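Visitor:
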Amino acid sequence: MLFNRNELKILEEFGGDYSKKNYGRAIAKKLGFNQKTVSSILIKLEKENILKFEQEGKNKYYFFNKLNPNIKDVTKIIELNKKIKFLNKHRKIKGLFDGLEQKTDGVLIIFGSYAKNQENKDSDLDVFVIGNIKDKKDLEDIYNIKINIVKTKKEYSRENALFKEIMKDHIILKGIEEFVNLIKW
């Protein structure tokens with residue numbers, strides 16, 4: 014299962030909140046793609062059993078086929094692609110991300126303005142950890158970041174407002190497979 018660049022960009026529109034429904038025209042507008050291109054890719058992904066759709070009026074609303082046994086692997090590919098693009102964009106602070114990865118035992122997630130691609134020079138970096146992170150206070154002070162820690166996977170709840178925000182827009186720097194397994198499919 015290989016995806017080309019356009020297919021990955023379209024699949025990313027279903028990432029984040031993995032129960033999200035989306036229709037072709039909205040995806041085409043957001044990505045600046047030709048509507049016909051988006052339509053043909055959505056049809057292809059539906060034929061490959063990655064997406065399903067519901068008809069509402071004239072619109073076909075597509076969503077992940079959670080019954081597909083490979084959907085977790087598709088999700089991992091999407092998350093890894095998001096991570097690579099994020100790290101390529103933020104090469105100047107790659108050292109910070111490497112340090113965070115080394116000091117984290119568990120899942121390491123960036124959320125907030127950086128994950129939404131809306132950061133500016135005054136933005137702080139929002140970091141979320143499911144597990145543990147060494148030298149938390151030092152890292153927060155040195156890099157002017159805020160680190161939220163959830164010690165156990167049991168504390169992770171999709172109903173919590175912070176988790177909802179993280180699910181919507183996130184970059185997983187470490188623990189993609191663990192995170193994908195936490196998603197309620």
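Counting along the sequence shown from 1, when you hit position 172 you're at 185 in this note's numbering, and nothing is skipped either side.
Quick reminder that beta carbons are idealized off the backbone N, C-alpha and C, glycines included.
For clarity, every value in this text was computed on a predicted model and none was experimentally measured.
In the structure shown, what three-state DSSP assignment does F46 receive?
Guide: Residue 46 sits at position 33 when you count from the first residue of the sequence shown. Note: F46 maps to coil in three-state DSSP.
Visitor: Mark I97 as exposed unless 16 or more other C-beta atoms lie within 10 angstroms of its C-beta, in which case mark it buried.
Guide: Within the sequence shown, the letter at position 84 stands for residue 97. Exposed, because fewer than 16 other Cβ atoms sit within 10 Å of the Cβ of I97.
Visitor: Considering just the uninterrupted stretch of the alpha helix (DSSP H) at D111, what are its terminal residues?
Guide: Numbered from its first residue, the sequence shown carries residue 111 at position 98. 107-116 is the span of the alpha helix (DSSP H), which, as asked, contains D111.
Visitor: Would L121 pass as a contact of V142 if the rule is Cβ separation under 9 Å?
Guide: Taking the first residue of the sequence shown as position 1, residue 121 is located at position 108. Taking the first residue of the sequence shown as position 1, residue 142 is located at position 129. In contact: L121 and V142 (Cβ atoms closer than 9 Å).
Visitor: List the endpoints of the continuous alpha helix (DSSP H) containing N19.
Guide: One-based indexing of the sequence shown puts residue 19 at position 6. Residues 18-25.
Visitor: Going along the chain, which residues of its own chain have a beta-carbon closer than 8 Å to the beta-carbon of E153, five neighbours each way excluded?
Guide: For the purposes of this step, residue 153 is identified with residue 140 of the sequence shown, where counting begins at 1. Excluding positions up to five away in sequence, the list reads K159, I160.
Visitor: Taking all protein chains shown into account, decide if D30 is buried (16 or more other Cβ within 10 angstroms of its Cβ) or exposed.
Guide: Counted from its first residue, the sequence shown places residue 30 at position 17. Counting Cβ neighbours within 10 Å, D30 comes out exposed, since fewer than 16 surround it.
Visitor: Output yes or no for whether 9 Å exceeds the beta carbon distance between I63 and I84.
Guide: Residue mapping note: residue 63 aligns to position 50 of the sequence shown, counting from 1. Residue mapping note: residue 84 aligns to position 71 of the sequence shown, counting from 1. Yes. Within cutoff.
Visitor: Please state the DSSP three-state secondary structure of G28.
Guide: On the sequence shown, residue 28 is found 15 positions in, with the first residue counted as 1. G28: coil per DSSP, three-state reduction.
Visitor: Indicate the three-state DSSP secondary structure (helix, strand or coil) for K197 in the structure shown.
Guide: Here residue 197 corresponds to residue number 184 of the sequence shown, with the count starting at 1. Correct three-state label for K197: coil.
Visitor: Work out the CA separation of D139 and Y127 for me, nearest whole Å.
Guide: Residue 127 sits at position 114 when you count from the first residue of the sequence shown. Residue 139 sits at position 126 when you count from the first residue of the sequence shown. Approximately 8 Å, taken between the alpha carbons.
Visitor: Quick check: the Cα distance between E20 and I106, rounded to an integer number of angstroms?
Guide: Within the sequence shown, residue 20 is the residue found at index 7, counting from 1. Within the sequence shown, residue 106 is the residue found at index 93, counting from 1. Approximately 29 Å, taken between the alpha carbons.
Visitor: Between the beta-carbon of L186 and the beta-carbon of L113, is there less than 9 Å?
Guide: Sequence index remark: in the sequence shown, residue 186 carries index 173 (1-based). Sequence index remark: in the sequence shown, residue 113 carries index 100 (1-based). Yes, they are a contact pair.
Visitor: Could you work out which residue in K22, N78, K134, N47 is closest to K60 when comparing CA atoms only?
Guide: Here residue 60 is taken as the residue at index 47 of the sequence shown, counted from 1. Checked all of K22, N78, K134, N47; the closest Cα to K60 is N78.
Visitor: Is the Cβ-Cβ distance between I179 and L93 less than 9 Å?
Guide: Walking along the sequence shown from the start, residue 179 turns up at place 166. Walking along the sequence shown from the start, residue 93 turns up at place 80. No. Outside cutoff.
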